[in-house]
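First residue of the sequence shown? That's 11 in this note's numbering, and the numbers climb one at a time after it.
The beta-carbon is built from N, C-alpha and C at its ideal position, and this holds for glycine as well.
Only one structure is covered here, and it is reproduced in the block below.
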Amino acid sequence: MMTRRRMLALGAASAALLLAGDRVKGASAGAPHPLARGRAVIPTQNTSPSPTPTPTPAPPSPTPLPRRKEAVHRVHDVLPDAPPNAISLTIDDGPQPEWTPKMLDLLAEHDVKATFSLIGIQVKQYPKLAQRIVAEGHQLCNHTMNHPLGIASMSSRQVDREITEAHDRICDATGVVPKFFRSPGGAWSRAVFGSAARHGMLPIDWDIDPRDWSRPGTRHIKKSMLAAKGGDILLCHDGGGDRSETIKALGQVLPKLKARGLSFVLL
Ligand SMILES: [Zn+2]
11 MMTRRRMLAL GAASAALLLA GDRVKGASAG APHPLARGRA VIPTQNTSPS
61 PTPTPTPAPP SPTPLPRRKE AVHRVHDVLP DAPPNAISLT IDDGPQPEWT
111 PKMLDLLAEH DVKATFSLIG IQVKQYPKLA QRIVAEGHQL CNHTMNHPLG
161 IASMSSRQVD REITEAHDRI CDATGVVPKF FRSPGGAWSR AVFGSAARHG
211 MLPIDWDIDP RDWSRPGTRH IKKSMLAAKG GDILLCHDGG GDRSETIKAL
261 GQVLPKLKAR GLSFVLL
């Protein structure tokens with residue numbers, strides 16, 4: 011009986027370890043995992059001997075996609091059947107307790123659905139905000155765990171950890187498996203495309219960038235966004251600092267773009 015109970019306990023422990031997957035590695039920040047080389051998604055913690063190791067992403071398991079060589083940046087690359095006047099709004103670097111609620115209120119007021127590129131550590135800190143984004147009908151995009159701007163020169167193990175941890179945080183908080191990945195600063199590499207593909211995510215960039223994160227002034231943000239044409243993916247931010255200019259600009263830009271006949275679609 012004792013032996014059986016002990017076996018069950020051991021089984022549960024190794025199952026928990028497996029389920030935790032890269033989250034366990036992520037918890038020990040900075041400490042290189044001795045077994046994690048290259049494709050870090052492979053569950054190297056598997057304690058049972060296996061002659062043919064099979065790559066198994068952390069649950070819930072997305073369907074891997076082929077590795078791409080470039081990110082998509084047109085609405086019609088994602089939605090080929092969208093009408094020609096379709097445009098899509100992406101909002102990066104949240105969730106953030108001050109600006110994300112303001113952004114959500116604004117989008118609700120103008121009946122616009124958007125794609126939120128979430129940073130994993132912030133999802134961990136503000137899971138309810140991530141849930142609110144989903145509850146209000148918006149789309150989620152993985153934007154890495156820590157937003158490393160040097161991601162393009164990181165090893166594939168480091169890249170995979172950034173992406174897997176964010177993936178797990180987003181799934182845990184919202185139950186949503188993100189279908190899109192946006193690289194911090196739009197910096198791409200073979201490793202980044204590879205990890206996004208293994209996680210079943212389409213890499214996305216943008217066409218219209220008002221550089222609102224740099225606080226260039228409401229006028230500049232408005233002018234840049236009003237240049238949008240059918241098929242464009244628009245970028246702005248709800249995280250990374252004071253976003254009052256972004257909110258103010260969008261309050262005028264959203265109705266103007268709609269009045270011009272452009273139609274916001276969800277990626
Ligand atoms: Zn970003």
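Can you give me the Cβ contacts of residue i inside the same chain, cut-off strictly under 6 Å, excluding the 5 residues immediately before and after it?
{"i": "Pro-44", "result": "Because Pro-44 sits at a pLDDT of 35, beneath the cut-off of 50, its placement in the model cannot be relied upon, and the following sentence gives the value as read from the coordinates. Cβ within range, chain order: n/a, list empty."}
{"i": "Lys-233", "result": "none"}
{"i": "Asp-217", "result": "His-83, Asp-242 and Ile-243"}
{"i": "Phe-190", "result": "Cys-151, Met-211, Leu-212 and Ile-214"}
{"i": "Leu-276", "result": "Lys-123 and Gln-149"}
{"i": "Arg-179", "result": "Gly-130, Val-133 and Lys-134"}
{"i": "Pro-94", "result": "Gly-240"}
{"i": "Ile-143", "result": "Phe-126"}
{"i": "Ala-19", "result": "Bear in mind that the predicted position of Ala-19 carries a pLDDT of just 44, short of 50, making it unreliable; the figure below should be weighed with that in mind. Cβ neighbours of Ala-19 beyond the five flanking positions: none."}
{"i": "His-177", "result": "Asn-152 and His-209"}
Please classify residue i: is it buried, with 16 or more other beta-carbons within 10 angstroms of its beta-carbon, or exposed?
{"i": "Arg-200", "result": "exposed"}
{"i": "Ala-118", "result": "exposed"}
{"i": "Ala-145", "result": "exposed"}
{"i": "Asp-170", "result": "buried"}
{"i": "Ser-224", "result": "exposed"}
{"i": "Pro-188", "result": "buried"}
{"i": "Glu-108", "result": "exposed"}
{"i": "Gly-104", "result": "buried"}
{"i": "Ala-269", "result": "exposed"}
Closest by CA to residue i, which one among the options?
{"i": "His-86", "options": "Arg-77, Leu-245, Thr-184 and Ala-96", "result": "Ala-96"}
{"i": "Asp-252", "options": "Gly-271, Gly-240, Pro-226 and Gln-262", "result": "Pro-226"}
{"i": "Arg-192", "options": "Ile-231, Leu-264 and His-209", "result": "His-209"}
{"i": "Lys-258", "options": "Gly-271, Met-113 and Thr-184", "result": "Met-113"}
{"i": "Leu-116", "options": "Gln-262, Gln-168 and His-177", "result": "Gln-262"}
Determine, using beta carbons only, whether residue i and residue j come nearer to each other than 8 Å.
{"i": "Ile-131", "j": "Asn-156", "result": "yes"}
{"i": "Ala-124", "j": "Leu-99", "result": "yes"}
{"i": "Thr-110", "j": "Ile-129", "result": "no"}
{"i": "Glu-207", "j": "Pro-72", "result": "It is worth fixing the name first, because residue 207 is Ala in this sequence and not Glu. Taking 8 Å as the Cβ cut-off, Ala-207 and Pro-72 do not qualify as a contacting pair."}
{"i": "Ile-173", "j": "Pro-194", "result": "no"}
{"i": "Glu-255", "j": "Asp-222", "result": "yes"}
{"i": "Gln-106", "j": "Gly-249", "result": "yes"}
{"i": "His-247", "j": "Asp-102", "result": "yes"}
{"i": "Ala-197", "j": "Pro-137", "result": "no"}
{"i": "Ala-238", "j": "Leu-260", "result": "no"}
{"i": "Ser-166", "j": "Ser-205", "result": "yes"}
Excluding the 5 residues preceding and the 5 following residue i in the sequence, name in chain order all residues of the same chain whose CB lies nearer than 7 Å to its CB.
{"i": "Leu-264", "result": "His-120 and Val-122"}
{"i": "Pro-76", "result": "Ala-207"}
{"i": "Pro-158", "result": "Met-164, Glu-172 and Pro-194"}
{"i": "Leu-272", "result": "Asn-95, Ile-97, Ala-238 and Gly-240"}
{"i": "Ala-92", "result": "Val-85, His-86 and Val-275"}
{"i": "Leu-81", "result": "Here residue 81 turns out to be Ala, not Leu, going by the sequence shown. Taken in chain order, the residues that qualify are Trp-198, Pro-213, Ile-214 and Asp-215."}
{"i": "Met-235", "result": "Ile-218, Pro-220, Leu-244, Ala-259 and Val-263"}
By Cβ distance below 8 Å, which residues in the same chain neighbour residue i in space, the five residues on each side in sequence not counted?
{"i": "Lys-79", "result": "Phe-203"}
Any beta strand (DSSP E) of 3 or more consecutive residues that is wholly inside the stretch 124-208: 125-128 and 149-152
4 or more residues per run - each alpha helix (DSSP H) lying fully within the stretch 224-254: For the stretch 224-254, whole alpha helix (DSSP H) runs of length 4 or above, ordered along the chain, are 228-235.
Beta strand (DSSP E) runs wholly inside the stretch 80-110, at least 3 long, in chain order: 96-104
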